[in-house]
Amino acid sequence: MTTDIRVAAAEAQAARPDAVQPPQRPTPAGPRGRARARRRAGTVLTWIALCLLGIVFVYPFVWLVSASFKPRSQVFDNRLIPETFTFDNYVQVWQEAPLALWLLNTAIVTVLAAVTVTISSAMVAWGFAYFRFRGRGFLFGLVLATMMLPGAVTMIPTFLIWNALGQVGTLTPLWAGNLFGSAFYIFLLRQFFLGLPRDLFEAARIDGASQWGVFWRIALPLTGPALAVVLVFEVQAVWTDLMKALIYLRDSDTFTIPRGLKSLVDAYGFGGEWHWEIIVTASVITTVPLIIVFFLAQKRIIDGVASTGLKG
Amino acid sequence: MSTATRPGTSSDPEPARTPADAPTGVAPAGDARRRGRRRAARRNILSALLFLSPWIVGFLVFTAWPMIYSAYLSLTDYDVINNPEFVGIENYVEMASDDKLLLALGNTAFFTLLQVPLYVVVSLGLALLLDRAGRASGFFRTVFFLPKMTPPVAIGILFLLLFNGQNGLINTVLGWFGIDGPSWTTDPTWVKPGLVFMSLWTVGASVIILLAALRNVPKELYESAQLDGAGFWRQSFSVTLPMISPALFFIIVVNTIAGLQTFDEAYTAFFGAGNTTYSNDAALFYVIYLFQQAFQFLNMGYASAMAWLLFLVIMAVTAVQLIVSRRLVYYEGDR
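Residue numbers (the numbering used here), protein chains in the order written: chain A, 260 to 571; chain B, 31 to 365.
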């Protein structure tokens, strides 16, 4: 509270530099009241701006959901409440496209990718955080350097590897690369491991725990929040990934949700039959699972982004 | 510090060792304890390697080898079916006269140069608003972040719908203010600006990073600045801006790299099977063209050369940004 008063006084003084006042004397009520009124006006303006911007950010979702309940002729009418409310689009999209299969494929890939990348990255991060050996700095520098490498450089040879293994057309290439950890998560988890008290692990070693035991039974359980961040980031990344699906998936039955959605755009969009109500409805079905994940893990995600800086 | 680095105690005649020379074990004086220590160090390295093994294997198979092979492929003609045929630097020479490639480079540069500054301004504006919002900031932070969870394919679709020239929502709203909006999705002049505006919808992550940076500025700095008579603008430029400059720099670098590789939204909206009648050269970004060369025309050699050019461009741009940042970014505890 005292700082409040001081700030108000300072503001009042800044507003009237000509009014020389000895600091001991209490500031007259006039300017102070005016400053407070100005601050209140500022707060109100902030609120109005935030509410308007909030609407701008949420409205595309609302538009999409609303359009998914409109018949074909009204999809573009920009009405908030559908003039003719229909559930047909959902029935139709389910019949036209193997959405259930796509959702299942995506769920399989997402779970496998997220779990494997979390465990493997944690292992590697632990290797860098706990052990001291010659060349550690160099190796870790190499890990960081791979983050700079654009995916385009390794994309073609990686495709050739999976092609040689006969895995093109299957879901394997979409997640199996995660068995080997991911540079960004290794970096993130290493930071977290370094923050844990080392004495704890030394004590466990003296008590006869194996190296793996120290990692698996002591370090990992303490890393829960950071692991959750990695898991959720990866779920988001894999669920929305289009490029890998475009490269590796050929048959509609193996499509993931983004690839499937893209095929619907090709079939029913401007280049196709102009059935936008189907595309819109499929978009809603695609997006909803991630929104649910977001609300379940909201605090983790936002804290994770704030402390680490998710890309883009 | 580990046992290997502990300096010799007074009763221990061995010289202080640095970790670098520890395993080489100079002059073994038959000291059993030291030999045991060396064995422990070796076991230590073995366990470390065991933990690092996933990354080491992954690095060799999915980074190192692909880099080498991609460099080799860039010097060949390769269509996956026949063996690579060595052609020297022909692919690189060809790039210089490939109109589509130059167009894609230009498009990508235009998009990135327009997107990154807008991204920074918008995310900073939103973060400043949130910083003054008090208790409501948590709620609005969530609202601003939510679009980040939308799949890029869906964002590409939303772009086609909301920015539709005739009856899209954007032009309808512009119409309220008497502005006759352009055909964002077909007019080559407006396709890239439209994609940039759409991409601003996902600034949420940057907003959160900047908000965290703003909250980390010590309050004492503002108080002493006020006592020194600094007004709002002076405080913004002399306190806030330097203190959040590392976060701003991070956002600029990350978004530049991402902008140069933009793919999903534009590809969804304008390219793909059965979509050829609608494809728009104004949205042909570099990675889209690279993808087409590699996986549609099966020019794997040419696409590999393109990938290396992209890598060089990204390295060069990032290096310039790093050099400029030395003068402009203030790191606390640096001086």
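Here a beta-carbon is modelled for each residue, glycine too, at the ideal position from N, C-alpha and C.
- prompt: When the Cα atoms are used, what is the spatial distance from R395/A to L403/A?
  reply: Working through the first sequence from its first residue, we reach residue 395/A at position 136. Working through the first sequence from its first residue, we reach residue 403/A at position 144. R395/A and L403/A have their alpha carbons spaced roughly 12 Å apart.
field: Start-to-end residues for the alpha helix (DSSP H) that takes in Y507/A
entry: Position 248 of the first sequence, counted from the first residue, corresponds to residue 507/A. First-last of the alpha helix (DSSP H) with Y507/A: 502-507.
- request: Spell out a yes or no on whether the stretch 244-254 of chain B and the stretch 265-280 of chain B are touching, meaning 3 or more CB-CB pairs, one atom from each, closer than 8 Å.
  value: By the Cβ criterion, the stretch 244-254 of chain B is in contact with the stretch 265-280 of chain B, since at least three pairs of Cβ atoms, one from each stretch, lie closer than 8 Å.
field: Start and end residues, alpha helix (DSSP H) containing I340/A
entry: As a first step, residue 340/A must be located in the first sequence, where it is residue number 81. No alpha helix (DSSP H) contains I340/A, which DSSP labels as neither H nor E.
message: Output needed in chain order: residues of the stretch 500-512 of chain A with a Cβ under 9 Å from some Cβ in chain B.
response: Taken in chain order, the members of the stretch 500-512 of chain A whose beta-carbon sits within less than 9 Å of a beta-carbon on chain B are D500, L501, M502, L505, I506.
field: F267/B - partner residues in DSSP beta bridges
entry: For the purposes of this step, residue 267/B is identified with residue 237 of the second sequence, where counting begins at 1. Bridge partners of F267/B: none, in fact.
message: Can you pull the chain B neighbours of F579/A, defined as C-beta to C-beta under 8 Å?
response: Outside the displayed range of chain A (260 to 571) lies residue 579/A, so it cannot be described from this structure.
query: If you measure beta-carbon to beta-carbon, which residues of the stretch 170-190 of chain B are closer than 9 Å to chain A?
result: Result list: F170, R171, T172, V173, F174, F175, L176, P177, K178, M179, T180, P181, P182, V183, A184, I185, G186, I187, L188, L190.
- prompt: Is there at least one Cβ from chain B nearer than 8 Å to G386/A's Cβ?
  reply: By 1-based counting over the first sequence, the position of residue 386/A is 127. For G386/A, a Cβ of chain B is located within less than 8 Å of the residue's own Cβ.
- request: Examine chain A for any beta-carbon lying closer than 8 Å to the beta-carbon of N137/B, and answer yes or no.
  value: On the second sequence, position 107 is the one that residue 137/B refers to. With a threshold of 8 Å between beta carbons, N137/B makes no contact with chain A.
task: Check the Cβ-Cβ distances between D107/B and every residue of chain A, and say whether any is below 8 Å.
output: Counted from its first residue, the second sequence places residue 107/B at position 77. With respect to chain A, the C-beta atom of D107/B has no partner C-beta closer than 8 Å.
Complete alpha helix (DSSP H) runs within the stretch 523-559 of chain A (minimum length 4 residues, chain order): Scanning the stretch 523-559 of chain A from its first residue to its last, the whole alpha helix (DSSP H) runs of 4-plus residues come out as 535-555.
- prompt: Counting only beta-carbon atoms, is W322/A nearer than 8 Å to chain B?
  reply: Translated into positions along the first sequence, residue 322/A becomes position 63. Yes - at least one Cβ of chain B is within 8 Å of the one on W322/A.
query: Hey, out of F300/B, I281/B, F341/B, whose CA is closest to S355/B's CA?
result: As a first step, residue 355/B is located in the second sequence; it is residue number 325 there, counting from the start. Distance from the Cα of S355/B is smallest, within the candidate group F300/B, I281/B, F341/B, for I281/B.
field: Coarse secondary structure for D161/B, derived from DSSP in three states
entry: The residue given as residue 161/B occupies position 131 in the second sequence. Note: D161/B maps to helix in three-state DSSP.
- prompt: Closest by CA to F315/B, which one among L328/B, A288/B, I111/B?
  reply: On the second sequence, residue 315/B is found 285 positions in, with the first residue counted as 1. Measuring from the Cα of F315/B, the nearest candidate turns out to be A288/B.
- prompt: So what does A253/B bridge to, in DSSP terms?
  reply: Within the second sequence, residue 253/B is the residue found at index 223, counting from 1. The sequence shown places Glu at residue 253/B, not Ala. According to DSSP, which records beta bridges pairwise, E253/B is partnered with nothing at all.
query: In angstroms, rounded to a whole number, what distance separates the CA positions of V559/A and V488/A?
result: For the purposes of this step, residue 559/A is taken as residue 300 along the first sequence, with counting starting at 1. For the purposes of this step, residue 488/A is taken as residue 229 along the first sequence, with counting starting at 1. Residue identity check: residue 559/A is Arg in the sequence provided, not Val. Going by the C-alpha atoms only, they are around 6 Å apart.
message: Strictly under 8 Å for the Cβ-Cβ distance: is A242/B near chain A by that measure?
response: Residue 242/B sits at position 212 when you count from the first residue of the second sequence. Yes, A242/B lies at the interface with chain A (some Cβ there is under 8 Å from its Cβ).
task: Anything in chain E within Cβ reach of G467/A, meaning under 9 Å, just list it in chain order.
output: Among the protein chains in the structure shown, which are A and B, there is no chain E.
- request: Consider the Cβ of N348/A: report whether some Cβ of chain B lies at a distance smaller than 8 Å.
  value: The count along the first sequence starts at 1 and reaches residue 348/A at position 89. At a cut-off of 8 Å between beta carbons, N348/A makes no contact with chain B.
- request: Provide the residue span of the alpha helix (DSSP H) that contains N310/B, from first to last.
  value: Translated into positions along the second sequence, residue 310/B becomes position 280. No alpha helix (DSSP H) holds N310/B; DSSP gives it neither H nor E.
query: Under the rule that 16 or more other beta-carbon atoms within 10 Å means buried, what is Q470/A, buried or exposed?
result: Locating residue 470/A in the first sequence gives position 211, counting from the first residue. Residue environment for Q470/A: buried (at least 16 other C-beta atoms within 10 angstroms of its C-beta).
message: Determine, for S77/B, whether the minimum Cβ-Cβ distance to residues of chain A falls below 8 Å.
response: Along the second sequence, one-based indexing puts residue 77/B at 47. It does: the Cβ of S77/B has a partner Cβ on chain A nearer than 8 Å.
query: Nearest chain A C-beta to S334/B closer than 8 Å, yes or no?
result: Your numbering for residue 334/B matches position 304 in the second sequence. Chain A has a Cβ within less than 8 Å of the Cβ of S334/B.
- request: Note down, in chain order, every chain B residue with its Cβ under 8 Å from the Cβ of L549/A.
  value: In the first sequence, residue 549/A corresponds to position 290, counting from 1. Here the neighbours are M179, T180, P181.
query: What's the C-alpha gap between R297/A and L158/B?
result: Numbered from 1 along the first sequence, position 38 holds the residue referred to as residue 297/A. Numbered from 1 along the second sequence, position 128 holds the residue referred to as residue 158/B. The C-alpha of R297/A lies about 18 Å from the C-alpha of L158/B.
field: First and last residue of the uninterrupted alpha helix (DSSP H) at Y360/B
entry: As a first step, residue 360/B must be located in the second sequence, where it is residue number 330. Y360/B -> no alpha helix (DSSP H), and no H or E assigned at all.
message: Counting only beta-carbon separations shorter than 8 Å, does K521/A have a partner in chain B?
response: Counting from one through the first sequence, the residue named residue 521/A turns up at place 262. True, the Cβ-Cβ gap to chain B drops below 8 Å.
- prompt: Looking at S334/B and L103/B, is the spacing between their C-beta atoms short of 8 Å?
  reply: Along the second sequence, one-based indexing puts residue 103/B at 73. Along the second sequence, one-based indexing puts residue 334/B at 304. Here L103/B is near S334/B, since their CB atoms are less than 8 Å apart.
- request: Determine the chain A residues that contact L159/B at a beta-carbon separation under 8 Å, and present them in chain order.
  value: The sequence position of residue 159/B within the second sequence is 129, counting from 1. Under the 8 Å cutoff, chain A gives T305, A308, L309, L312.
task: Pair every Cβ in the stretch 327-344 of chain B with every Cβ in the stretch 399-417 of chain A, then say whether three or more of these pairs are closer than 8 Å.
output: Result yes; three or more Cβ-Cβ pairs closer than 8 Å.
message: Taking 8 Å as the threshold (C-beta atoms), are F452/A and A388/A in contact?
response: Position 129 of the first sequence holds residue 388/A. Position 193 of the first sequence holds residue 452/A. Cβ distance < 8 Å, so A388/A and F452/A count as in contact.
- prompt: Taking Cβ to Cβ, would you say A296/B is nearer than 8 Å to A324/B?
  reply: For the purposes of this step, residue 296/B is taken as residue 266 along the second sequence, with counting starting at 1. For the purposes of this step, residue 324/B is taken as residue 294 along the second sequence, with counting starting at 1. Contact flag unset, no.
Sequence-distant residues of its chain with Cβ nearer than 7 Å to V317/A (five each side left out): Position 58 of the first sequence, counted from the start, is the residue given in the question as residue 317/A. In the same chain as V317/A, and ignoring 5 residues on each side of it, no C-beta atom comes closer than 7 Å to its own.
- prompt: Is it the case that the Cβ atoms of Q557/A and T172/B are separated by a distance below 8 Å?
  reply: Your numbering for residue 557/A matches position 298 in the first sequence. Your numbering for residue 172/B matches position 142 in the second sequence. Contact: yes.
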